[in-house]
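Working notes for the structure below.
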């Protein structure tokens, strides 16, 4: 048992740094990643045969992306790297992993979860129309496939990704019709002193905004989406400007998102206890700053344990690997541990400032019109979900899910979950932490029935 | 169906892959996902099961599960995380043409 290799789930910045750290200590970790090529989302690599240079793909982050990709490639032969591998269940020291149509049971003694994040969205009328994507999805279309999601594109939402993706599209030659931020201008002014502590990260954000302005892209702050219009695909977005006036902007594509949500299903199946995080407004698996969790042998790294971005993911990946090594009896380099934790703390401060500058517009979810589709998998409206809460007396989110089917579809609440929790809490006039969280269910993503038999 | 949702801005110099959507011959490029292949040839991927219209993917990262399609041989695949292949026959409509 003692020489069973450590397992890492996820090959983004956290997983890659964790793997490199374990290899440096003489171990041969198993690295399981859903993607065909490692790098994660922000440093996602295009398929073989694509030729754009790093600078075109990753801009300011080109050097970081190249370093991480080279680091992963350099580990070849020294890690048991399994791309295209979906971990779909975890329990009692074993995980289930589907790869190339074959399932493997992998027993583990210690394991680092580096499962990353996805876009956090709030539904609005018309959001399921063809042509409407998440901000992350729009970025993947461009980076991973060399495609724009449309010809006349509106970007909507809030957070650093809003401006980054809009800028990347404009730079690649797409027509950006508008960048519409739900965060009021005053929120950014309030956050300014703390944002300045972000240094280069903050400077890059300002640069994207300036570059969009210089290209004549209309930018608006403090807006509220009203509805996407269209019959078989999106043709326009209606929104309310900060001054209260209703506006309509024609488009054939729309990308939106309101920050990120942590991907936590496996942590849940592994029985790591969750706590409500007021900054991220999401239930998150408990972890110490070292990456250790209350479950012995299980560690969390990167955005899957709480959103902090790619730079923090690298630091926390290394930190979690060092904790794992220490728990295996390896000597710890106290100076390195202190440096990593200082770096993580500095980023956490900046991250809190970002939440002030780009606040999650929970009011949009609380006030969602009854006829708005809340759950796109099952076609459940906000009104149907509220009725489950009220008439059927479901004061807890899993019970409301059982009555309404909201969150019961193929995505298991990844898309609707954050907004559904707010809809329910608002309907019951309860704080969001009191209505619970959607439980993780195996398989965490759809798999062929033959695999489970 | 003349209009396409996705538009290529780069990486056009790749071998052509021929595939079929609901009996219609289409062309994509090697390295395209099935989602990219479908959306550079049209504006839809499937019809929602519960009657709220057409869908054309959403998250592109294998999280939302809104782009599952069926091949002519009955195999189901998630369009955003599967690559298009020469001769692939994709069925996006049911027997009633929806």
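Protein chains in written order, with my numbering: chain G, 232 to 684; chain B, 1256 to 1353.
Don't be surprised by glycine CBs; every beta carbon is placed ideally from N, CA and C.
- A direct Cα-Cα distance of roughly 51 angstroms separates residue 463 of chain G from residue 253 of chain G.
- Cβ neighbours of residue 641 of chain G within its own chain (closer than 7 angstroms, five residues either side excluded): 608 and 677.
- Of all alpha-carbon atoms in B:1303, B:1270, B:1282 and B:1349, the one lying nearest the alpha-carbon of residue 1327 of chain B is that of B:1349.
- At a cut-off of 8 angstroms between C-beta atoms, residue 482 of chain G does not count as an interface residue with respect to chain B.
- The shortest CA-to-CA distance from residue 411 of chain G to any of G:520, G:289, G:422 and G:386 is the one to G:386.
- Taking 8 angstroms as the cut-off, the beta carbon of residue 1334 of chain B is found closer than this to the beta carbon of residue 1293 of chain B.
- Under a 10 Å Cβ-count criterion, residue 567 of chain G is classified as exposed, with fewer than 16 other Cβ atoms of the shown protein chains found around its own Cβ.
- According to DSSP, residue 1309 of chain B shares a beta bridge with B:1302.
- Here residue 493 of chain G is bridged, per DSSP, to G:348.
- Closest in C-alpha terms to residue 319 of chain G, from the list G:263, G:523, G:286 and G:298, comes G:263.
- Excluding the 5 residues flanking it on each side, residue 517 of chain G has same chain C-beta neighbours closer than 8 angstroms at 503, 504, 505, 506, 524 and 525, in chain order.
- Contact between residue 596 of chain G and residue 653 of chain G holds, since their C-beta atoms are separated by about 4 angstroms, short of 8 angstroms.
- With contacts defined as CB atoms closer than 8 angstroms, residue 416 of chain G and residue 453 of chain G qualify as a contacting pair.
- Here residue 388 of chain G is bridged, per DSSP, to G:412 and G:488.
- Secondary structure of residue 680 of chain G (DSSP, three-state): helix.
- With contacts defined as CB atoms closer than 8 angstroms, residue 458 of chain G and residue 357 of chain G qualify as a contacting pair.
- Exclusion of the five residues before and after residue 627 of chain G leaves 666 and 667 as the residues of its chain whose Cβ lies within less than 8 angstroms of its Cβ.
- Counted as a single uninterrupted DSSP element, the alpha helix (DSSP H) harbouring residue 542 of chain G occupies residues 541 to 558.
- Annotation note: the stretch 455 to 527 of chain G contains the following uninterrupted alpha helix (DSSP H) runs of length 4 or greater, listed N- to C-terminal: 496 to 500.
- When the beta-carbon positions are compared, residue 547 of chain G and residue 255 of chain G stay at least 8 angstroms from each other.
- Looking only at G:251, G:280, G:433 and G:646, the smallest Cα-Cα distance to residue 308 of chain G is reached by G:251.
- Taking C-beta atoms as the reference points, residue 535 of chain G and residue 270 of chain G fail to come closer than 8 angstroms.
- Where residue 646 of chain G is concerned, there is no enclosing beta strand (DSSP E), because DSSP gives it neither an H nor an E.
- Setting aside the 5 residues that flank it on each side, residue 673 of chain G is surrounded in the same chain by 319, 320 and 500, each with a C-beta closer than 7 angstroms to its C-beta; the list follows chain order.
- Counting along the chain, residue 629 of chain G sits inside the alpha helix (DSSP H) bounded by residues 628 to 635.
- Under the DSSP assignment, residue 297 of chain G falls in the alpha helix (DSSP H) whose first and last residues are 293 to 305.
- An exposed status is given to residue 474 of chain G, since fewer than 16 other beta-carbon atoms sit within 10 Å of its beta-carbon.
- Bridge pairing for residue 1323 of chain B: B:1333 [DSSP].
- By the C-beta criterion, the stretch 334 to 354 of chain G is judged not to be in contact with the stretch 1267 to 1287 of chain B, since fewer than 3 inter-stretch pairs fall below 8 angstroms.
- DSSP assignment within the stretch 317 to 380 of chain G yields the following whole alpha helix (DSSP H) runs of 4 residues or more, N-terminal first: 366 to 376.
- Residue 432 of chain G is not bridged by DSSP to any residue.
- Note on geometry: alpha-carbon atoms of residue 634 of chain G and residue 612 of chain G lie some 13 angstroms from one another.
- Taking all protein chains in view, the Cβ of residue 304 of chain G is surrounded by fewer than 16 other Cβ atoms within 10 Å, so the residue is classified as exposed.
- Straight-line spacing of the CA atoms in residue 298 of chain G and residue 644 of chain G works out to 35 angstroms.
- In the DSSP assignment, residue 569 of chain G falls within the unbroken alpha helix (DSSP H) covering 565 to 588.
- By alpha-carbon distance to residue 432 of chain G, the top candidate from G:446, G:541 and G:345 is G:541.
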